[in-house]
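>
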Amino acid sequence: MTSMLKVMVSVFCFLFSSCCFSTVIEYHLETQSRLGYHLVSPSDLSSHRHELESNNIIRFSNIWSLGAGLRAFVESAYASNSSRYPDPVRIRDSQDFILRDLYLQYKSGPITLRLGSQQIVWGEAFGFYYADLVNPKDFRDFGIGPLEKNRLHTPLVNFKWNFKEHILQLLYIPKPHFNKTPSIGSDFSFPFTQFSQGSSVTFDDERTLPIGLNNAEYGGRFSPSFTGIDLSLLYLNYFDRAPVYLSSTGPGGMAVKGRHLRMETFGVTLSLPVRSWVIRSELLFNHGKHFNNFVGQLDSFRADEIIAVLGLDYIVGDRWRMGIQISENYRTKSVPGALAPPSTQSITGHGSVTLIEDTTLDGLIAYAPHDGGSLVELSYMIPLSKRIELLLAVDLFNGSRSSQFGLYRPASRGYVQIKTFLGNEVKL
């Protein structure tokens, strides 16, 4: 990362010195302050977070531009509520500094080349990540909230060619990066204690791999032009962003390591507007994915997986919209001790309506028929001014302790959040 920063700073200085009289800077600054409490006994502090995010674009000309952004937060609830949150949570997750955009872009005619840290958004689904494969995600908060906030920007080469309305995108990632997983003892940590037989547990999850040809990732997307249809074919050869867990037991207890193994994904995504309706679909084939099983120790096995998603949105102007989405994950192999069944389903509904004085009510409900678990996200946004918003929200997890959502029922929470915005365009 240091070498990439040096190269980009050198290029920035050259471009700025040669194009300073036509440079346009677009800056956006956002702050958030959140206070939350658990809704399931004990109803104690769940979050006391202050966050700063900056996203900026410097346009040197119609051809060259530079994106730069960062995000930093401090979460004091883990130290304040030490009776609930153990030291690993306080040490690892109480603060973070996250690099977001840091890329140089060249755009001329049908060609766009973007080098550096960036987001790549694939897919048509809402609420959950299916075809959204490229960027790792931050799951320390279960991935709740805007999807773009939870994507972790990745340094990569992003090439796009628009020819006769067809779009070809090619990606090359020299250094893999992986999901940020919850620390042991946090609200959303993996339940390792179910497998430790009462002994202590240590956890080590790799977040990246070294740069090298053997670790390089590559893929692309082709979007042919059809009138009224948004269709994309995609392929990615990469290391799974989510870990499989491998355990060993010794005198000090159970040691768990998270490992990320190479796999391939082939996919098709579709979006078809029909008057006020939008039909959305995704079909993915994950080849060589690893899954967890437990037979005395946490281990993994290799299998193929098929994911099918079908959704329907109904949109009325810019005041309100609603939609429903069904999905199924099917694993081609059944193995003794597998932690997840070979077939899982999800039914998700969402809605958004703008009420009086531009207040907005949003809701998402997800239900898992295979185990009876459910998740409800509700929020009510009140604009206090053009640059300040008040948000009231609840996240409710329900179901049995063995269900994918009910497992996290103690993490159900309500919170209030204040968000401020500042942004402008400056010409030099």
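Just so you know, we're using the working numbering here: the sequence shown kicks off at 5 and counts up by one. Here a beta-carbon is modelled for each residue, glycine too, at the ideal position from N, C-alpha and C.
(1) Report back the beta-carbon spacing between L316 and W281 to the nearest angstrom; my notes put them in contact at under 8 Å.
(2) Should L66 go down as buried or exposed, given a rule of 16 or more other Cβ atoms within 10 Å for buried?
(3) Which residue from F163, R266, D303 puts its Cα closest to that of F196?
(4) Which complete beta strand (DSSP E) runs does the region 142-229 hold, if anything under 3 residues is left out?
(5) Taking the alpha helix (DSSP H) that S84 falls in, what are its first and last residues?
(6) Suppose the cutoff is 6 Å on Cβ atoms and the five residues either side in sequence are ignored; what does the same chain contact list for T352 look like?
(7) According to DSSP, Q301 sits in a beta bridge with which residue or residues?
(8) Give me the Cα-Cα distance between S112 and R94, rounded to the nearest whole angstrom.
(9) Let me check one thing: in DSSP terms, what residues is G355 bridge-paired to?
(10) Keeping to the same chain, check which residues put their C-beta closer than 6 Å to that of Q109; ignore five residues upstream and five downstream.
(11) Would you report the Cα separation of R88 and G189, rounded to the nearest angstrom?
(12) Grab me the residues of V380's own chain with a C-beta within less than 7 Å of its C-beta, minus the 5 sequence neighbours each way, in chain order.
(13) Residue range of the beta strand (DSSP E) that I124 falls in?
(14) Quick one: grab the DSSP three-state call for I311.
(15) Near N290, which residues of its chain fall below 8 Å by C-beta distance, leaving aside the five closest residues on each side in sequence?
(16) Tell me the DSSP secondary structure of D244 in three-state form.
(17) Looking at G127 and T273, is the spacing between their C-beta atoms short of 7 Å?
(18) Quick check on L411: does DSSP put it in helix, strand or coil?
(19) Applying the 10 Å Cβ sphere with the 16-neighbour rule, what's the burial state of D142?
(20) Got a sec? Which residues, its chain only, sit under 6 Å from P140 by beta carbon, not counting five neighbours each side?
(21) So for S98, helix, strand or coil by DSSP?
(22) Pick from Q198, N166, P159: whose alpha carbon is nearest that of K179?
(23) Which partner residues of S285 appear in the DSSP bridge assignment?
(24) Give me the Cα-Cα distance between Y239 and L74, rounded to the nearest whole angstrom.
(25) Roughly how many angstroms lie between the CA atoms of H170 and G216, to the nearest whole one?
(26) State the beta-bridge partners of T348 as determined by DSSP.
(27) Between the region 242-260 and the region 212-230, do three or more beta carbon pairs fall short of 8 Å?
(28) Identify whether M5 lies in helix, strand or coil by the three-state DSSP scheme.
(29) For P114, count neighbouring Cβ atoms within 10 angstroms of its own Cβ and tell me buried if that reaches 16, exposed if not.
(30) What does DSSP give as the partner residue(s) for D234 in the beta ladder?
(31) Could you have a look at V78 and say whether DSSP puts it in helix, strand or coil?
(32) Can E30 and F425 be called in contact, C-beta distance under 7 Å?
(33) In whole angstroms, what is the alpha-carbon distance linking S26 and V161?
Working from what's here:
(1) 6 Å
(2) Before going on, a small fix: residue 66 reads as Asn here, not Leu. Exposed.
(3) D303
(4) 158-167, 170-177, 205-209, 221-227
(5) 81-84
(6) G131, Q329, A370
(7) Q301 pairs with nothing; no bridge assigned.
(8) 48 Å
(9) M326, G367
(10) S69, R118
(11) 8 Å
(12) I369, L400
(13) Unbroken run through I124: none, as it is neither H nor E.
(14) Looking at I311 - three-state DSSP - the assignment turns out to be strand.
(15) M267, E268, T269, D308, E309, I310, I311, listed in sequence order.
(16) coil
(17) yes
(18) helix
(19) buried
(20) L156, H181, F182, N183, R245
(21) coil
(22) P159
(23) Beta-bridge pairing links S285 to L274, L314.
(24) 29 Å
(25) 32 Å
(26) N333
(27) With the cut-off at 8 Å, the region 242-260 and the region 212-230 touch.
(28) Note on M5: pLDDT 49, under 50, position unreliable in the model; the coordinate value appears next. Coil, per DSSP.
(29) Exposed is the label assigned to P114, since fewer than 16 other Cβ atoms lie within 10 Å of its Cβ.
(30) S229, S275
(31) strand
(32) no
(33) 27 Å
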